[in-house]
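Novice: One gets the numbering used here by counting positions in the sequence shown from 1 and adding 48 to each.
Note that CB positions come from ideal geometry on N, CA and C, so glycine has one too.
Computed from a predicted structure; not experimentally measured.
The structure under discussion is supplied below as structure tokens; questions concerning it will follow.
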Amino acid sequence: MKSKPVTWEEITDTLIKEIRQNQYGKDEKMPSENDMAARFGVSRTEIRRAYGRLKELGYIYSMQGYGSFFSGKKEKLPLQMNDSLSFTEKMKNLDVLYESKNIEARIIKYNSLIYDMLEAPPDTVVYKILRLRMINGEPAAIHTSYLPQNYFPKLHQDASKIISVYEYIRSCGYENLVSDKIQLSLSPPGRKERDLLKIPGYESCLVLSEICISRPSGTILEVARTVYRSDRFIFQL
């Protein structure tokens, strides 16, 4: 029985692993499409698609008539996971070009998991706010927050404009904030997350789930889920 041919996504993953293992030097010419096609036993079209994805991700660049070249390995950013700073504050401290885009803000239908974590009655109005975190012009993380409207009277007006939920919560008068029920896992992203983060192939992401509590009342203000590109950060616990 013939083995199943590799896909361009799998080829992309293999080349990224080789890049991380320092197998290519900065501005070094990448193997030709013909050579790569022979190596992986696929058509040049598959190699062209893999190289196209590497180009989209910034790993390689092309020069007409000369081929493709490695642009230089990207440095990972240190990300402290056990402090009280917001993601926005952490990025500002790292002095990188950072942008947070609010790409979704809407009321959700009743979801027993989210509502139980918020300890909210079924008739509570809960907003989902999704932000795409951009670093140096590239997608790095997706942060999804669920906020109960009863603790934020102007949330219906503000939801679509929020780019930092942590700062928004503090602006509403909640100061002593702590994270609880923190869970970290390594898992493949969903289709929408993979598209937004431009993740190659089937590479896994670090997923952080937590709730935000106001002290001393113990009020649960937020349920949050953040998906981080694992090739963008060094996670410090």
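Count the other CB atoms, across all protein chains shown, that sit within 10 Å of the CB of M49; report buried if there are 16 or more and exposed otherwise.
Specialist: For M49, the predicted model reports a pLDDT of 47, less than 50, meaning its position is unreliable and no value from the coordinates is stated.
Novice: For Y99, count neighbouring C-beta atoms within 10 Å of its own C-beta (all shown protein chains included) and say buried if the count is 16 or more, exposed if not.
Specialist: Counting Cβ neighbours within 10 Å, Y99 comes out buried, since at least 16 surround it.
Novice: Take D206 as the anchor and find which of I282, A86, G266 and E152 has the nearest alpha-carbon.
Specialist: Of the candidates I282, A86, G266 and E152, the one whose C-alpha sits nearest the C-alpha of D206 is E152.
Novice: Less than 8 Å between the C-beta atoms of V173 and I155, yes or no?
Specialist: Yes, they are a contact pair.
Novice: Is the beta carbon of I183 less than 8 Å from the beta carbon of S193?
Specialist: Cβ atoms of I183 and S193: not closer than 8 Å.
Novice: Please list the terminal residues of the continuous beta strand (DSSP E) segment that includes R280.
Specialist: Element bounds for R280: n/a, residue is neither H nor E.
Novice: Can you tell me where the alpha helix (DSSP H) holding E136 begins and where it ends?
Specialist: In the sequence as displayed, the identity of residue 136 is Thr instead of Glu. Residues F135 to N141.
Novice: From A86, S257 and L105, pick the residue whose C-alpha is nearest to that of M165; which is it?
Specialist: M165 has its Cα closest to that of S257, out of A86, S257 and L105.
Novice: Hey, S212 and L234: beta-carbon distance below 8 Å or not?
Specialist: Not closer than 8 Å, so no.
Novice: Strictly by DSSP, which residues pair up with L254?
Specialist: Answer is L234 and Y276.
Novice: With three or more C-beta pairs closer than 8 Å as the rule, is the stretch 111 to 130 touching the stretch 73 to 89?
Specialist: Taking 8 Å as the limit for Cβ pairs, the verdict is that the stretch 111 to 130 does touch the stretch 73 to 89.
Novice: In the DSSP assignment, find the unbroken alpha helix (DSSP H) run with T93 in it and report its ends.
Specialist: Unbroken alpha helix (DSSP H) run through T93: R92 to E104.
Novice: Could you check which residue in V226, I190, P237 and P170 has the C-alpha nearest to that of I323?
Specialist: Residue 323 cannot be examined here, being either before or after the span of the chain that is shown, 49 to 285.
Novice: For Y146, write down the residues that DSSP places opposite it in a beta bridge.
Specialist: For Y146, which the question treats as bridged, DSSP gives the partners I183.
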